[in-house]
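One structure is given here, and the rest of the page talks about it.
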Amino acid sequence: MTPEQAQERIEFLRKELHKHNYHYYVLNQPIISDYEYDRLLKELEMLENQYPQFHDPSSPTVRVGSDISNEFEQRPHRFPMLSLANTYSYEELQEFDNRIARALGHRSYRYVCELKYDGTSISLIYENRRLAYAVTRGDGEKGDVVTANVKTIPTVPLIISHPSAPDDFEVRGEIMLSRKQFERLNQERIDNGEEPFANPRNAAAGTLKLLKSSEVAKRKLDCFVYYLLTEPPLETSHFRSLQLLGDWGFHVQPYSELCENIDKVYDFIQHWEKERENLPFDIDGVVVKLDDITLQQQLGSTAKSPRWAIAYKFKAEQAITRLLSVSFQVGRTGTITPVANLEPVPLGGTIVKRASLHNADQIALLDLHFDDYVIIEKGGEIIPKIVDVDRSKRTANAQKVTFIANCPECGTPLLRNEGEARHYCPNEKSCPPQIKGKIEHFIGRKAMNIESLGEGKVELLFDKGLIRNPADLYELTFDQLYGLEKVIEDPVLGKVKKISFKEKTVENILKGIESSKQVPFERVLFALGIRYVGETVARKLATHFKNIDALRQASYEELMQVPEIGEIIARSVIDWFSDSDNQLLVERLRSHGIQLGIDDTKQTQISNALAGKTFVITGSYATPQRRKELEELVVAHGGKLVDSVSSKTSYIVAGENPGPSKIQKAQQLGILIITETDFLQMIS
Ligand code: IVH
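Heads up: the sequence shown begins at 2 in our numbering, then just goes up one per residue.
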């Protein structure tokens, strides 16, 4: 390699790694596995050592990736939040031990082995024994202040009362989401037509950066701590400092072990590499730390990581199997996903029969042929993916896998928009998965909220020919539903589920449909699934036009006069109402008593849902009247309305640009800040 070629490769690798840091830390959507990332980083490290003339102080080898987003205030870390050097092999672990032995000369030492929790790191600052700040790692020097969000995590103590704790100290740990909570959250997202998170780590990191603490509280995060920082250190043993943290009320995992030598460390690693699948949370390796804190300080750190610790990372689990066929699935919005059907093979505790192929580019990139031996990997993603093909095993007459030209469900020629990776079926109206998708959107939690129809029941009703559009739901009868059953196999995950409509199920379904007739107009409008009319736009249109007839008759100019409604939305609303099928749908919904307008008399209706609760309403809303309406709703449901925030305030309802002093005070007092939607849900 010439120096010019090396420079080119170095620049390419830096650019790639910066891009992956952004996907991992900011978007929480990594596009390559940790192993692939570490391979690129190692290659860059090697080239930079070989060609020191190309040194760059902001190279990804020198600086840790940053999670800073512009939505939070930032705070500098008193001590930088470093990352850990990684290794994937016993030989490298041995080299680490040799380095430690050389540096410490004749002194004896022990290691502490801990699990490497796969979440997102956090620094907890305690002042006067109270949690004062919770800060993300950020760029290592400063991070985002997410105190209000972290305060919602039950395993983070807000006040420390144990006598051995000093007044001021810092604790570092990992914000986690258990596998069980992750599955619950993703199921909820799928039911609501939202994109599921790829793995618990992304879900935890994304949740920590939500702007509404009340949303964070619902996600049930956890915090495992692994490091105590005091000056001077309270303990000389890291292992004992972990025990101390447990005594003070922090959540310390019980699996850490003191190891006399590197072979014992390796036993620990091998044990957990096998046992990891039985843990209720994800780990991506083992962290090996020198136990003696005085020796730790003596060894110190590089700019990026401490010299006294190393992370042994587990490789993403892989398996080789044969590609049998490729099927093409049509999603709810018409997007086509190719799925590989494989000869069943065990991987990470399950038998894998399918793997995702993402899109046409991915198939081309792998140069996939039928009967190919493919390498599949489970990197924490929901379904495994094909990462490579063993070309040496390909037979001479193997057929290349090509992308389909027509929709496998309805035969319509597929389209692909310029610059987009996915193909889609444009036959919105009669392509079966798209019809089901529209009905599923209609019954969703944020729309008509017909929960009793969730989990595959729409599919069953569609297959039996009972529903073709949302209005059909309101004509279903007990006799039509009773006794229906179906075995549903999730096409991607391969899970099998039997649905059968017994008496109680049918009663619940009919009850759910009936009560959806009380859902307010703004949510009905959202439920209709007009393109670009999301929750917020639906609310704005409902408040402005008051009923569906006024909205249907609105001209382009009138629509454009509604605050924040632009050309694209106005056009989409007009197109939707000019379609005769949609006009018929509205009339049928009307005949079944669905709310197609705001009922002004409803506002005096009294419930006790908010009894004993005090509210402050701040910020601006769609219209000044809207704010007034919310204030009236507080009182109408038995709540108390006040102007200023105090320890007696139960909730702050924050609109756009809420008063900064109110928000600050609420955060200091740990008062929940909620959105208008949260508030409406409290009283719905
Ligand atoms: S110790 C200076 N211990 O791994 C000490 N880190 O790649 C630095 N992590 O940013 C960290 N489990 O978020 C430590 N038991 C554990 C850990 C752990 C997970 C994370 C941590 C850190 C990252 C480094």
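Ideal Cβ positions, reconstructed from N, Cα and C, are used throughout, including at glycine.
Exposed unless 16 or more other CB atoms sit within 10 angstroms - verdict on residue i
{"i": "H163", "result": "exposed"}
{"i": "D145", "result": "buried"}
{"i": "V113", "result": "buried"}
{"i": "T208", "result": "buried"}
{"i": "Y557", "result": "exposed"}
{"i": "G594", "result": "exposed"}
{"i": "G466", "result": "exposed"}
{"i": "S326", "result": "exposed"}
{"i": "D248", "result": "exposed"}
{"i": "P53", "result": "exposed"}
{"i": "D373", "result": "buried"}
{"i": "K629", "result": "exposed"}
{"i": "T137", "result": "buried"}
{"i": "G66", "result": "buried"}
{"i": "K181", "result": "exposed"}
{"i": "K458", "result": "buried"}
{"i": "F170", "result": "buried"}
{"i": "M449", "result": "buried"}
{"i": "Q626", "result": "exposed"}
{"i": "E677", "result": "buried"}
{"i": "Q244", "result": "exposed"}
Nearest-angstrom Cα separation, counted from residue j out to residue i
{"i": "K386", "j": "I377", "result": "6 Å"}
{"i": "A399", "j": "V340", "result": "19 Å"}
{"i": "N99", "j": "I489", "result": "56 Å"}
{"i": "V375", "j": "S59", "result": "38 Å"}
{"i": "L230", "j": "V172", "result": "6 Å"}
{"i": "K505", "j": "G513", "result": "12 Å"}
{"i": "Y483", "j": "R591", "result": "27 Å"}
{"i": "C260", "j": "R108", "result": "16 Å"}
{"i": "D57", "j": "I311", "result": "24 Å"}
{"i": "L178", "j": "H252", "result": "13 Å"}
{"i": "A422", "j": "E236", "result": "55 Å"}
{"i": "L343", "j": "S328", "result": "11 Å"}
{"i": "R686", "j": "Y256", "result": "Absent from the model: residue 686. The displayed extent of the chain is 2 to 685, so no value can be given."}
{"i": "A365", "j": "I440", "result": "35 Å"}
{"i": "L14", "j": "P61", "result": "9 Å"}
{"i": "E115", "j": "K305", "result": "20 Å"}
{"i": "A320", "j": "V331", "result": "27 Å"}
{"i": "H78", "j": "I123", "result": "11 Å"}
{"i": "N87", "j": "F315", "result": "10 Å"}
{"i": "A218", "j": "K663", "result": "20 Å"}
{"i": "L474", "j": "G567", "result": "33 Å"}
{"i": "R64", "j": "Q298", "result": "21 Å"}
{"i": "A1", "j": "R392", "result": "Residue 1 falls outside the range modelled here, since the chain spans only 2 to 685, and no answer is possible."}
{"i": "D464", "j": "K487", "result": "9 Å"}
{"i": "L415", "j": "H24", "result": "30 Å"}
{"i": "I436", "j": "N470", "result": "7 Å"}
Pair within 8 Å by beta-carbon distance, residue i and residue j
{"i": "L83", "j": "G141", "result": "yes"}
{"i": "R190", "j": "P201", "result": "no"}
{"i": "R308", "j": "L296", "result": "no"}
{"i": "L291", "j": "I569", "result": "no"}
{"i": "I674", "j": "K210", "result": "no"}
{"i": "L45", "j": "A7", "result": "no"}
{"i": "S608", "j": "E657", "result": "no"}
{"i": "E559", "j": "R540", "result": "no"}
{"i": "E536", "j": "F527", "result": "yes"}
{"i": "V654", "j": "I599", "result": "no"}
{"i": "L125", "j": "V157", "result": "yes"}
{"i": "A317", "j": "K379", "result": "yes"}
{"i": "P427", "j": "G530", "result": "no"}
{"i": "Q30", "j": "N150", "result": "no"}
{"i": "H21", "j": "I33", "result": "yes"}
Closer than 7 Å: residue i CB and nearest the ligand GDP heavy atom
{"i": "V136", "result": "Among the ligands in the structure shown, the ligand GDP does not appear; only the ligand IVH can be found there."}
Item to check | alpha helix (DSSP H) runs contained entirely in the segment 207 to 256, provided each spans 4 or more residues | outcome: Every alpha helix (DSSP H) stretch that sits fully inside the segment 207 to 256 and reaches 4 residues is listed by chain position as 214 to 220 and 239 to 248.
Next on the checklist: Extract the residue ranges of the alpha helix (DSSP H) inside the segment 417 to 474, only unbroken runs of 4 or more that lie entirely within it.
Outcome noted: Entirely contained in the segment 417 to 474, the alpha helix (DSSP H) runs reaching 4 residues are, in chain order, 433 to 444 and 458 to 464.
Checklist entry - Along the chain, which unbroken stretches of the alpha helix (DSSP H) at least 4 residues long are found entirely within the segment 160 to 210? => result You should have 180 to 192 and 201 to 209.
Next on the checklist: If we require 3 or more residues per run, which beta strand (DSSP E) segments fall completely within the segment 254 to 338?
Outcome noted: If you keep only unbroken beta strand (DSSP E) runs of at least 3 residues inside the segment 254 to 338, you get 258 to 260, 284 to 291, 310 to 314 and 318 to 331.
Item to check | Complete beta strand (DSSP E) runs within the segment 640 to 676 (minimum length 3 residues, chain order) | outcome: Runs found: 652 to 655 and 673 to 675.
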